[in-house]
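Structure first, then comments.
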Amino acid sequence: MNIREPRSSGAVDLQSISELISITDGSLYQKSTEMLHQATDSNAALLFEIDKIKQQRRLLAASSREPFDEDIGTHLDTLITYQLEYQPHQYYLIPTQVHQRYPQVNYLVKHQIEGYLGTMVNHTVSGDQIYLFVSLTQSPIVDPSIIVQWHRLVSQVVMQYRRFQHQTDRTDVLLNRLNYEVSHDDLTNLMNRSFLADTLERLVSASQSQFNFTLGMLDINDFKHINDLYGNYIGDQVLKFVAHTISECIQDRQLTFRIAGDEFAFITFDPHPAELCQEILTRIRAGYRDTAHYIKISASIGVASYKEESIDADQLLLNASLALKNSKKLCQPNICCYDTHLSEEYHRKNQVIDALRETLSTEIDEPQELYVVLQPIVRQHQSTWNYFEVLCRWQSQVLGEVSPVEFIAAAEQSGLIIEFGHRVIELACLAKRQIEQSLNQKIRLSINCSAYELTQQSDYIRTLKALITRYGFYPGEFTIEITETALLSQRQVAQNIIRNLRDAGFKVALDDFGTGYSSLNYIHNYPIDCIKIDASFIKNMLRNETSEKVVSLIIQLAEQLDVDLVAEGVEEEQSLARLYEMGCTQIQGYLFSVPLPPDMVIHQLLGRKESNR
Numbered sequence: 001m002n003i004r005e006p007r008s009s010g011a012v013d014l015q016s017i018s019e020l021i022s023i024t025d026g027s028l029y030q031k032s033t034e035m036l037h038q039a040t041d042s043n044a045a046l047l048f049e050i051d052k053i054k055q056q057r058r059l060l061a062a063s064s065r066e067p068f069d070e071d072i073g074t075h076l077d078t079l080i081t082y083q084l085e086y087q088p089h090q091y092y093l094i095p096t097q098v099h100q101r102y103p104q105v106n107y108l109v110k111h112q113i114e115g116y117l118g119t120m121v122n123h124t125v126s127g128d129q130i131y132l133f134v135s136l137t138q139s140p141i142v143d144p145s146i147i148v149q150w151h152r153l154v155s156q157v158v159m160q161y162r163r164f165q166h167q168t169d170r171t172d173v174l175l176n177r178l179n180y181e182v183s184h185d186d187l188t189n190l191m192n193r194s195f196l197a198d199t200l201e202r203l204v205s206a207s208q209s210q211f212n213f214t215l216g217m218l219d220i221n222d223f224k225h226i227n228d229l230y231g232n233y234i235g236d237q238v239l240k241f242v243a244h245t246i247s248e249c250i251q252d253r254q255l256t257f258r259i260a261g262d263e264f265a266f267i268t269f270d271p272h273p274a275e276l277c278q279e280i281l282t283r284i285r286a287g288y289r290d291t292a293h294y295i296k297i298s299a300s301i302g303v304a305s306y307k308e309e310s311i312d313a314d315q316l317l318l319n320a321s322l323a324l325k326n327s328k329k330l331c332q333p334n335i336c337c338y339d340t341h342l343s344e345e346y347h348r349k350n351q352v353i354d355a356l357r358e359t360l361s362t363e364i365d366e367p368q369e370l371y372v373v374l375q376p377i378v379r380q381h382q383s384t385w386n387y388f389e390v391l392c393r394w395q396s397q398v399l400g401e402v403s404p405v406e407f408i409a410a411a412e413q414s415g416l417i418i419e420f421g422h423r424v425i426e427l428a429c430l431a432k433r434q435i436e437q438s439l440n441q442k443i444r445l446s447i448n449c450s451a452y453e454l455t456q457q458s459d460y461i462r463t464l465k466a467l468i469t470r471y472g473f474y475p476g477e478f479t480i481e482i483t484e485t486a487l488l489s490q491r492q493v494a495q496n497i498i499r500n501l502r503d504a505g506f507k508v509a510l511d512d513f514g515t516g517y518s519s520l521n522y523i524h525n526y527p528i529d530c531i532k533i534d535a536s537f538i539k540n541m542l543r544n545e546t547s548e549k550v551v552s553l554i555i556q557l558a559e560q561l562d563v564d565l566v567a568e569g570v571e572e573e574q575s576l577a578r579l580y581e582m583g584c585t586q587i588q589g590y591l592f593s594v595p596l597p598p599d600m601v602i603h604q605l606l607g608r609k610e611s612n613r
């Protein structure tokens, strides 16, 4: 403890008091004893912090006429202990003859201390910790009120500071907790998405003149399957394992993030980020282990590098996200670096989604960009066509002709697929009415049902019936096509929806049959009316012995199950002849007709009627 001598003895002016009050740091303790010593003309003024529970005392500050050693607390131990144990009041005053009452205290005797005032102030609610202000005088304390007032003033200033400090400490703790909560992920203790965005903003700003870095995004493959199979607790342990793995590889926890359920991110300044990514994936592939489980894990990573000033933090996030999506789509390899074509794809997809949403907002009786075409399903020896598959086409005013593959994927990804399906049904009903009224001939239509619509089976069937009833048709005039992949992905609801569709009067066809390798194991469980052989087998049938065997087996299976059979994608006379020979008598494909708009179907059917007369 550095014991300071006072500047001068005598009265303390208001400016000194004002200066004392304005102090907001630890120097207040020393300044307080200096003021107390100066104002009371004491031999020494001291400030102790005492812990009653631990029975410890610490000298915080002291000011005296003459230098003395820092062990002053030990010298005064007898006197201070007596006050603590036997004087419960705030003030303990010995106005005179202190050195005679405590002759065993060398310091008191040596300096001929006459007066003692000790002021106790609790600085905790429990009273376990106190401040003790001590004044030692070499003259008797004739008027105690003056020295008591100075003790009260100084102690109030110190306690005000102590309360301020306590409040500041509490505020700091709360702010630190709040900062932790808003910046960290509770489960993994990694930084969160919000902190990632802030970090990228700072790095991009600094990097414009200093350094480059790479942002990586990682997603656990099939994590939902892990959660479903092992439960949420083990799923959480897997997330912690992946988080720990990333942290070990990156090391700086401020640069590792959990940004979504099973999605993580990291920032690295490594000049070889691909090698770092490979190390992360290798460690993750080692799998999660505990006493009861060993779970194999794989992950995909997308990376985007900051190398040019034109890219901001949001764009960098988007680039890494696009790279991650592409990595998951490609399956192998598991690391994908951002390329500009990914942004072009993203921009195009958003354009398609926006345009599709706009065209679906139009009323059915307004001019339509979406339209349907019909492709005949022709039975052997049948002179007229009365069965057609409905296919949708889109001629956008903004985008031009959009591929069905593209706009159906956009509808699924954007959540527009249900609305899109409703529009196709209405367009199909309009086409059916137009053809039947023009030809005075009934036709059957086959309409595709997506996997997304299967998940909403009750709404789908109710809407389907309502729409066709509105146009005066019956369920028996329609076949609903469900792709084999949709059937496989919705096994639990597939049987119910097929049964409900058939109970409502619709026929059900299984489309693209043969593409799902396990379908033969349970096809007999589904009450379908028709199997449609996938076009890929038909196209390869004449040149590939395996494809021909598959087609033959499917034909035999249809006979065994007593269901109708349609061969899709027939384009060659030789294929047609071979299919007839094998026992498949319903054909769909370009050999008979490309998909046609309703007015062209009418023209074709009128022509066929004329030629058959």
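In UniProt numbering, the protein residues as written are 1 to 613.
Beta carbons are placed, not taken as given, at the ideal position from N, Cα and C, and that holds for glycine.
Source: prediction; values computed, not measured.
For the beta strand (DSSP E) containing serine 305, name the first residue and the last one. On the sequence shown, position 305 is the one that residue 305 refers to. Counting along the chain, the beta strand (DSSP E) containing serine 305 begins and ends at 299 to 306.
Along the chain, where does the beta strand (DSSP E) containing glycine 216 start, and where does it finish? Here residue 216 refers to the residue found at position 216 when the sequence shown is read from its first residue. It spans 213 to 220 - the beta strand (DSSP E) in which glycine 216 sits, taken as one unbroken run.
Decide yes or no for the touch test of the stretch 314 to 332 against the stretch 194 to 205: beta carbon pairs closer than 8 Å, at least 3 of them. yes
Could you give the uninterrupted runs of the alpha helix (DSSP H) lying entirely in the stretch 389 to 440, keeping only those of 4 residues or more? 404 to 414 and 417 to 439
Expressed to the nearest angstrom, what Euclidean distance is found between the alpha-carbon atoms of cysteine 277 and arginine 348? Locating residue 277 in the sequence shown gives position 277, counting from the first residue. Locating residue 348 in the sequence shown gives position 348, counting from the first residue. Going from the Cα of cysteine 277 to the Cα of arginine 348 covers about 29 Å.
I believe glycine 118 touches tyrosine 92 by the beta-carbon criterion, under 8 Å. Please report the beta-carbon distance rounded to the nearest angstrom. Within the sequence shown, residue 118 is the residue found at index 118, counting from 1. Within the sequence shown, residue 92 is the residue found at index 92, counting from 1. Confirmed, Cβ separation roughly 5 Å.
Just reading off the alpha helix (DSSP H) that serine 64 is part of, what are its end residues? As a first step, residue 64 is located in the sequence shown; it is residue number 64 there, counting from the start. That residue, serine 64, is in no alpha helix (DSSP H); its beta strand (DSSP E) goes 56 to 64.
So, with DSSP's three-state summary, where would you put methionine 567? Walking along the sequence shown from the start, residue 567 turns up at place 567. According to the sequence displayed, residue 567 carries alanine and not methionine. The answer is strand: DSSP assigns alanine 567 an E or B state.
I want to know whether the stretch 263 to 282 touches the stretch 226 to 237 - three or more CB-CB distances under 8 Å. Taking a cut-off of 8 Å for Cβ pairs, the stretch 263 to 282 and the stretch 226 to 237 do not touch, as fewer than three such pairs fall below it.
Quick one, which of Gln129, Gln588, Leu542 and Gln165 has its alpha-carbon nearest leucine 84's? For the purposes of this step, residue 84 is identified with residue 84 of the sequence shown, where counting begins at 1. Answer by Cα proximity: Gln129.
If we call anything under 8 Å between Cβ atoms a contact, is valine 390 one with leucine 596? Position 390 of the sequence shown, counted from the start, is the residue given in the question as residue 390. Position 596 of the sequence shown, counted from the start, is the residue given in the question as residue 596. No, these two residues do not count as a Cβ contact at 8 Å.
Start and end residues, alpha helix (DSSP H) containing asparagine 540: Walking along the sequence shown from the start, residue 540 turns up at place 540. That run of the alpha helix (DSSP H) goes 535 to 540.
Can you tell me whether threonine 384 is helix, strand or coil according to DSSP? Translated into the one-based positions of the sequence shown, residue 384 becomes position 384. Threonine 384: coil per DSSP, three-state reduction.
Take every Cβ of the stretch 360 to 374, pair it with every Cβ of the stretch 426 to 441, and state whether three or more of those distances are shorter than 8 Å. Verdict: yes, contact present.
Label threonine 469 either buried or exposed according to how many other C-beta atoms from any shown protein chain fall within 10 Å of its C-beta, with 16 as the threshold for buried. Here residue 469 corresponds to residue number 469 of the sequence shown, with the count starting at 1. By the 10 Å Cβ count, threonine 469 comes out exposed.
Express the C-alpha separation of isoleucine 418 and isoleucine 280 in angstroms, rounding to a whole number. Residue mapping note: residue 280 aligns to position 280 of the sequence shown, counting from 1. Residue mapping note: residue 418 aligns to position 418 of the sequence shown, counting from 1. Spanning the two alpha carbons is a distance of roughly 40 Å.
Since isoleucine 353 and serine 414 are thought to touch, with beta carbons under 8 Å apart, how far apart are those beta carbons, to the nearest angstrom? Within the sequence shown, numbered from 1, the residue matching residue 353 stands at position 353. Within the sequence shown, numbered from 1, the residue matching residue 414 stands at position 414. Taking the Cβ atoms as the reference, isoleucine 353 lies roughly 4 Å from serine 414, within the contact range of under 8 Å.
Among Ala274, Tyr102, Phe48 and Arg357, whose alpha-carbon lies nearest the alpha-carbon of serine 300? As a first step, residue 300 is located in the sequence shown; it is residue number 300 there, counting from the start. Closest by alpha carbon: Ala274.
By Cβ distance, which residues of its chain are closer than 6 Å to aspartate 511, with the 5 residues on each side in sequence left out? In the sequence shown, residue 511 corresponds to position 511, counting from 1. Cβ neighbours of aspartate 511 beyond the five flanking positions: Glu481, Thr483 and Lys532.
Could you compute how far the alpha carbon of isoleucine 408 sits from the alpha carbon of leucine 356? By 1-based counting over the sequence shown, the position of residue 408 is 408. By 1-based counting over the sequence shown, the position of residue 356 is 356. Their Cα atoms are separated by approximately 10 Å.
How is the alpha helix (DSSP H) around leucine 322 delimited, first residue to last? Numbered from its first residue, the sequence shown carries residue 322 at position 322. Leucine 322 -> alpha helix (DSSP H) spans 313 to 330.
Around the C-beta of residue 641, are 16 or more other C-beta atoms found within 10 angstroms, so that it is buried, or is it exposed? For the chain, the structure presents residues 1 to 613; residue 641 sits outside this window and is missing.
How would you call arginine 101, buried or exposed, if buried means at least 16 neighbouring beta carbons within 10 angstroms? For the purposes of this step, residue 101 is taken as the residue at position 101 of the sequence shown. So arginine 101 ends up on the exposed side.
When you compare the CB of cysteine 249 with every CB in chain C, is at least one pair closer than 8 Å? The question asks about chain C, but that chain is absent: this structure has only one protein chain.
Considering only DSSP beta bridges, list what cysteine 337 is partnered with. Taking the first residue of the sequence shown as 1, we reach residue 337 at position 337. In DSSP, cysteine 337 forms a bridge with Val303.
At which residues does the alpha helix (DSSP H) containing serine 575 begin and terminate? On the sequence shown, residue 575 is found 575 positions in, with the first residue counted as 1. Looking at the DSSP string, the run of the alpha helix (DSSP H) that includes serine 575 is 573 to 582.
Roughly how many angstroms separate the alpha carbons of leucine 576 and asparagine 386, rounded to a whole number? Sequence index remark: in the sequence shown, residue 576 carries index 576 (1-based). Sequence index remark: in the sequence shown, residue 386 carries index 386 (1-based). Approximately 19 Å, taken between the alpha carbons.
Member of Arg57, Ala62 and Pro95 whose CA lies at the smallest distance from the CA of threonine 78: What you label residue 78 is simply residue 78 of the sequence shown in a count that begins at 1. When each option's Cα is compared against that of threonine 78, the closest is Arg57.
Could I get the ranges of all uninterrupted beta strand (DSSP E) runs contained in the stretch 115 to 170, with 3 residues as the minimum, in chain order? DSSP runs (the beta strand (DSSP E)) wholly in the stretch 115 to 170: 115 to 122 and 129 to 137.
For asparagine 179, which residues does DSSP report across the bridge? In the sequence shown, the residue the question calls residue 179 occupies position 179. Asparagine 179 is not bridged to any residue.
How many Å lie between cysteine 337 and lysine 329 at the Cα? Mapped onto the sequence shown, residue 337 falls at position 337. Mapped onto the sequence shown, residue 329 falls at position 329. Distance between the alpha carbons of cysteine 337 and lysine 329 is about 13 Å.
Glutamine 586, enclosing beta strand (DSSP E) - first and last residue: Taking the first residue of the sequence shown as position 1, residue 586 is located at position 586. Looking at the DSSP string, the run of the beta strand (DSSP E) that includes glutamine 586 is 586 to 588.
Quick check on this structure: which residue in Tyr471, Phe473, Ala431 and Ala494 has the alpha carbon closest to the alpha carbon of leucine 454? Stepping through the sequence shown from its first residue, residue 454 is reached at position 454. Of Tyr471, Phe473, Ala431 and Ala494, the residue nearest in Cα terms is Ala494.
Looking at serine 145 and alanine 45, is the spacing between their C-beta atoms short of 8 Å? The residue you call residue 45 lines up with position 45 of the sequence shown. The residue you call residue 145 lines up with position 145 of the sequence shown. In this structure, serine 145 does not lie closer than 8 Å to alanine 45 by Cβ.
Using 8 Å as the threshold, is the C-beta distance between leucine 187 and leucine 239 below it? Your numbering for residue 187 matches position 187 in the sequence shown. Your numbering for residue 239 matches position 239 in the sequence shown. Closer than 8 Å, so yes.
Check for me: the beta strand (DSSP E) holding leucine 20 runs from which residue to which? Taking the first residue of the sequence shown as position 1, residue 20 is located at position 20. Not the beta strand (DSSP E): leucine 20 falls in the alpha helix (DSSP H), residues 14 to 22.
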